């Protein structure tokens, strides 16, 4: 297993205070057992607990320890696959439904942050940056697709406009979205957990599920107990491994890497990203960056499909950052980490 997936992250260093949830001890019953305390698991637990269900969440480590609390913090539109690829595989009507669901998800995140007063540095604004002039037609196609779907809060940017927004000449244009953005993902997770607990859910950390029965009487077992439930929500993302055998082989864990700089101060930070927007390039394996709440640059990218990884992750990622921002050549990198992202093989909901 790659060491980077356990490396301390910037998010852990700046996490809001949260009391530990005790491990599962003994055998319990619930209406719903949720495996995984990330975005999906905690969102399900919150909704179900508010609806009156008895919910027990089992988390192998700490809340948000997996993909949900270690990612780039982007709130994105749509799916990994473009809308035309969705249409080719699902048909136009179902592809449109998928996009609508994704739009509703962004709105739900915003409403939960407001309703539950989650302190997670939410900022709106997202730029798709093209590193090659040949990608410009793709941006225009995305805008046309989104306009047709009713998502019109977008703007195609020229190279000159990109240079006004970003402290780099690396990009040849971009597509800005007003309806996407970024936040502190671990603090959002902790906010969801707090809300779920307040609604009556039970969360057990350090309770790794070692066996799952998905038959007529669902049950999840840990080393120290079990949960028997009427329903089960499997929300382990790329960290499930062989735990739930029917899902093994359906998704592929991919490692992505992230670094953060020392605090740069507001003036220097805004010279890099003027309007505090999230940015990702349009390569197949994207590089992405944004400012943090304390004016650091967070820069991520690369992808590993194996357990092999660089010996010095910070110095491996530094050239990628300085290719975009050469003025950061001498800054200190304070955190470097990785994490699994689960992707389906066709990059659409499966």
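In this note's numbering, the protein residues as written are 502 to 851.
Backbone N, C-alpha and C fix where the C-beta goes; we use that ideal spot for every residue, glycine too.
Note that the structure is predicted; figures quoted are calculated from it, not measured.
Reduced DSSP secondary structure (H/G/I, E/B, other) of residue i
i: residue 629; result: strand
i: residue 501; result: Residue 501 cannot be examined here, being either before or after the span of the chain that is shown, 502 to 851.
i: residue 819; result: helix
i: residue 893; result: The structure shown does not extend to residue 893, since the chain spans only 502 to 851, so no value can be given for it.
i: residue 729; result: strand
i: residue 839; result: strand
i: residue 674; result: coil
Delimiting residues of the alpha helix (DSSP H) encompassing residue i
i: residue 614; result: 593-616
i: residue 649; result: 637-649
Proximity below 7 Å, CB of residue i to CB of residue j
i: residue 690; j: residue 564; result: yes
i: residue 545; j: residue 560; result: no
i: residue 578; j: residue 681; result: yes
i: residue 490; j: residue 517; result: The displayed coordinates of the chain run from 502 to 851. Any statement about residue 490 would go beyond what the structure contains.
i: residue 796; j: residue 765; result: yes
i: residue 562; j: residue 738; result: no
i: residue 507; j: residue 726; result: no
i: residue 531; j: residue 661; result: no
i: residue 619; j: residue 692; result: yes
i: residue 704; j: residue 522; result: yes
Spatial distance of residue i from residue j (CA atoms)
i: residue 787; j: residue 696; result: 33 Å
i: residue 554; j: residue 534; result: 10 Å
i: residue 793; j: residue 804; result: 22 Å
i: residue 616; j: residue 702; result: 18 Å
i: residue 755; j: residue 811; result: 15 Å
i: residue 678; j: residue 716; result: 44 Å
i: residue 741; j: residue 791; result: 29 Å
Residue i - containing beta strand (DSSP E), residue span
i: residue 756; result: 752-762
i: residue 541; result: No beta strand (DSSP E) contains residue 541, which is instead part of the alpha helix (DSSP H) from 540-551.
i: residue 773; result: Where residue 773 is concerned, there is no enclosing beta strand (DSSP E), although the alpha helix (DSSP H) it sits in stretches over 767-773.
i: residue 656; result: 655-658
i: residue 512; result: No beta strand (DSSP E) holds residue 512; the alpha helix (DSSP H) holding it covers 511-514.
i: residue 803; result: 798-805
i: residue 721; result: 720-723
i: residue 789; result: 789-792
Nearest-angstrom beta carbon gap, residue j and residue i [assumed within contact, 8 Å]
i: residue 637; j: residue 673; result: 7 Å
i: residue 685; j: residue 512; result: 6 Å
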